[in-house]
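Since the structure comes first, as structure tokens, the remarks are kept for the end.
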Amino acid sequence: MIKLGTVFWLVLVSLTGFAMFAVKYGVQSLEDELNHTKKATIAEEHAIRADEAEWAYLTRPETLDEMNRRHLSLGPIATKQLRVTLNDIPLRVAAPVMVDAPTLVEPPAEGAVPTTPVSAISLESSEKPPEVALLVKPAPAKTTAKPIFSRRPRSLDELITQISAGR
Amino acid sequence: MIAGQRLDDNPCRPRHFKPPPCSAIVPDGPAQQTLETCRARLLVTSALFALAFTVVALRIVEIVIVGGGTAESQIGRFRIVTPPVPSHADIVDRSGNVLAATLDSPSLYANPKQIVDATEATRKLLRVFPDLRAPEVYAKLTSGKSFVWIRRHLTPLEQYDVNQLGVPGLEFEHEERRVYPDGSLTSHVVGYAGIDNAGFAGVERALNEELRERREPLQLSLDLRLQYVLREELQHVIDDFTAKGGAGLIMDVNTGEILAMASLPDFDPNRPVAVDPEHPKTLLADRMFNRITLGDYELGSIFKIFTVAMALEAGTSTISSTYDASHPIRIGRFTISDYHGKHRVLNVPEILMYSSNIGAARMALAAGAQRQREFLDRLGLLRKPKIEVFEVATPHYPPKWREVNVMTIAFGHGISVPPLNFATAAAALVNGGILRQATLVKLPAGHVPQGQQVISTKTSEQMRKLMRLVVEHGTGTMAAAPGYVVGGKTGTADKVSGRHYAERKLLSSFVGVFPINDPKYLVLTMIDEPHPNKQSHGYATAGWTVAPATSHIIQRVAPLLGVQPVDENSPEVQRALMVESLQGKRIETY
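Protein chains in written order, with this note's numbering: chain S, 1 to 167; chain Z, 1001 to 1590.
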């Protein structure tokens, strides 16, 4: 009886000891991991702060102005461009007058465009068609240029490919 | 017991004989007691051990199964790393663009006691920092101290290079540094901080404590885009008219928020004392000087709006009152005359439109010194401005308000105020008569601070109409920005030099408000000592210098502010700005 008791206690003690050390090492490794993560977080935070400052530096109005001058040549919005409000722009014409026919000529395709806000506002819509016509006229290879231009771009990427193909 | 005795007694007992087992010997007396005590002690001890192990076991069960509770915080094998909070919060503009940030920047120091070969170390250091001076570095490395700074605030690349040197005894100290990505664009507002990040000027200085305590970025009312436009246009005017300097601000007239504030020449807060490569001769003090808050100017004719408002508010004039401006006024040694006199009787709108000094002086005289002083005081023009920078000037005005002072103050001479005070008061004139303190800190969206009603809404409405006339037909026609219904007032003041007014030194300024039929924003521009050029036909007055600049600023800024352009000739606008007393009269152009 006594022996059974001793064995019980021995087992309990060794189990306890084992459990204790297991927990201790578990905690230590977790703590190491925690510290590591925290240090990494701090490093990341510093990097983010530096990146934010860098971004602020790179997007200074001065830089943007300079880059605009070099690449885009956009000017301040003129009053006449703002005369038309969104409410004044008619909704898109319901009938799909567009562009399915592959034999379509360019000016009508452009003519369909003014239903979109941008060209309705800008005064350049009257100037655009001749440009397009010029672009397309000297291209006798109808097979390449025409199908691309006869379709309205669905995405920005498509628009860009169209423009580069046009060039 | 008897048998035992018998066996022992028998000398001839066989040697192999083993006595039979007997019952346990139970000692009596003291031995018995000792044994009992021992057993009791053993029992107690083992009970205690058992208890202790039970406690440990239970605790383990708790930690492993229940979840441990506070175990993590009690185990202190490692120092738990907490992220270091930057010593100063960032400063951002109203849309979140960073204006000032605190970045990590290691500083290099040396422990000369650990330096083995000072000559070699000096040579290596000079390879990374060619601008250091060898004798100085060598002296530092052989000083025998245990700490000397070599270079503070290194770039990451420099840090890498120093590490590559592999010189023992060189260490890095973690330090922070204030960085201003926008450079001189917001220099006077944001200010700058010293090497230990304590603010030395601007918001950095005035709100140093708050920046230290905050964790979130401090959002200013400035709009970086507007600031850029304002500064660029001012720089154009300064260059065009070879002026000494200029200043300007854009303010929300209904809240008092300052959306842009620029003063030129300015400085780069990243290198405040460095010489400006474009203007190497400009003094540092000049560049640090914020003309809007710290400047104290006799602003000249733009002050006439206060004279007119005062007279209308006090009832000493009505909009159709007339004053004789046909002859200059002589008082004492002064002669008050008009710059471009009409030499006839003028009514109130004409006095403002043609900027008649004589008319304004007569108007102020009719109201009297007491009223004038009280009115200017009520508009806060005689007090130091309150704003989130410490660089503010106290207005100067005559201690005794004599008749001559009344007349000169009527057209903005003999009283000098910081332009900020002027803008705050002018905003109150047009916004319905409510004076609100100017602020550089962004207000919560939709929040309109409590103001003080300083003039009636009726007077305010009249002032709007009159200021519109100045731009429509008066001295400020070049400030018109089609579609944005600008109203304003020009001012060209002679600068004081010594005890006299300098002849050819002007301070031209323009205050513009748009859209004047429903005032939203105020633009104040001023330029110091402009010189006439060919395009301005020999003029350097406000109408030719800052008025066109204001027009450009408004045309560029209004779309950014979401101000919808209107047809200025539409009946609604015309009706809103109609001046009854001028109806049907022919208005002479300026």
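Yeah, the Cβ is synthetic: ideal placement off N, Cα and C, and Gly gets one too. Note that the coordinates shown come from a computational prediction; the quantities given were computed from them, not determined experimentally.
For Z/T1054, the enclosing alpha helix (DSSP H) has its first and last residue at G1029 to V1061.
DSSP, reduced to helix, strand and coil, places Z/F1375 within a helical segment of the structure shown.
Assignment of alpha helix (DSSP H) within the region 1435-1521 of chain Z, counting only whole runs of 4 or more residues, yields 1457-1473 in chain order. Excluding residues up to 5 positions away in sequence, G1433 and I1434 lie with their Cβ nearer than 7 angstroms to the Cβ of Z/Q1453 in the same chain. Comparing alpha-carbon positions, the option among Z/L1346, Z/S1321, Z/A1101 and Z/E1313 lying closest to Z/H1327 turns out to be Z/L1346. The residue among Z/T1492, Z/L1507 and Z/L1222 with its C-alpha nearest the C-alpha of Z/R1094 is Z/L1222.
Taking all protein chains shown into account, Z/V1557 has 16 or more neighbouring C-beta atoms within 10 Å of its C-beta and is therefore buried. Taking a cut-off of 8 angstroms on C-beta distances, the region 1294-1313 of chain Z touches the region 1333-1353 of chain Z, as three or more cross pairs fall below it.
If you check the CB distance, Z/V1308 and Z/L1466 come in under 9 angstroms. Excluding its 5 nearest sequence neighbours in each direction, Z/R1373 has C-beta neighbours in its own chain below 6 angstroms: W1401, listed in chain order.
With its beta carbon less than 9 angstroms from one in chain Z, S/T16 belongs to the interface. Under the three-state reduction of DSSP output, Z/T1550 falls in the helix class.
Secondary structure at Z/V1066: helix, using DSSP grouped into helix, strand and coil.
A distance below 6 angstroms between beta-carbons, with the five flanking residues on each side excluded, links Z/T1525 to the following residues of its chain, in chain order: G1248, F1510, V1546, A1549 and T1550. In the structure shown, Z/V1404 adopts helical secondary structure according to DSSP, grouped into three states. Proximity of chain Z to S/V13 at the Cβ level (cut-off 8 angstroms) is accounted for by F1053, in chain order. The beta carbon of S/I77 sits closer than 9 angstroms to some beta carbon of chain Z. For the C-beta of Z/G1295, not a single chain S residue is nearer than 8 angstroms; the gap to the nearest is close to 25 angstroms. About 18 angstroms separates the beta carbons of Z/F1306 and Z/V1404, which is beyond the 8 angstroms limit, so they are not a contact pair. C-alpha of Z/L1141 to C-alpha of Z/H1153: approximately 19 angstroms in a straight line. Sorting Z/T1541, Z/F1267 and Z/R1291 by C-alpha distance to the C-alpha of Z/K1281 places Z/F1267 at the top.
Taking a beta-carbon distance threshold of 9 angstroms, S/T6 does not count as an interface residue toward chain Z. Taking each of Z/P1106, Z/D1494 and Z/A1110 in turn and checking the Cα distance to Z/E1175, the smallest one comes out for Z/P1106. Taking a Cβ-Cβ cut-off of 7 angstroms, the neighbours of Z/G1483 in chain S comprise T79, given in sequence order.
With 16 or more other CB atoms across the displayed protein chains lying within 10 angstroms of its CB, Z/I1250 is buried.
Annotation: the continuous alpha helix (DSSP H) that includes S/M67 extends over P61 to M67.
Going by DSSP, Z/D1240 is part of the alpha helix (DSSP H) stretching over L1224 to D1240. Contact annotation: Z/V1128 and Z/L1165 have beta-carbon atoms nearer than 9 angstroms. Here S/Y25 is exposed, its C-beta having fewer than 16 other C-beta atoms within 10 Å. Counting C-beta pairs with one atom in each stretch, the region 55-63 of chain S and the region 1180-1199 of chain Z have three or more that are closer than 8 angstroms, which means they touch. The Cβ-Cβ distance between Z/T1439 and Z/I1238 does not fall below 9 angstroms. The Cβ of S/D88 sits no closer than 9 angstroms to any Cβ of chain Z.
Look at S/R83: its C-beta is under 9 angstroms from a C-beta on chain Z. With a contact defined as Cβ atoms closer than 8 angstroms, Z/P1565 and S/L82 qualify at about 5 angstroms.
Around the beta carbon of Z/R1575, fewer than 16 other beta carbons sit within 10 angstroms, so the residue counts as exposed.
Around Z/N1097, the beta-carbon contacts reaching into chain S at under 7 angstroms are A56.
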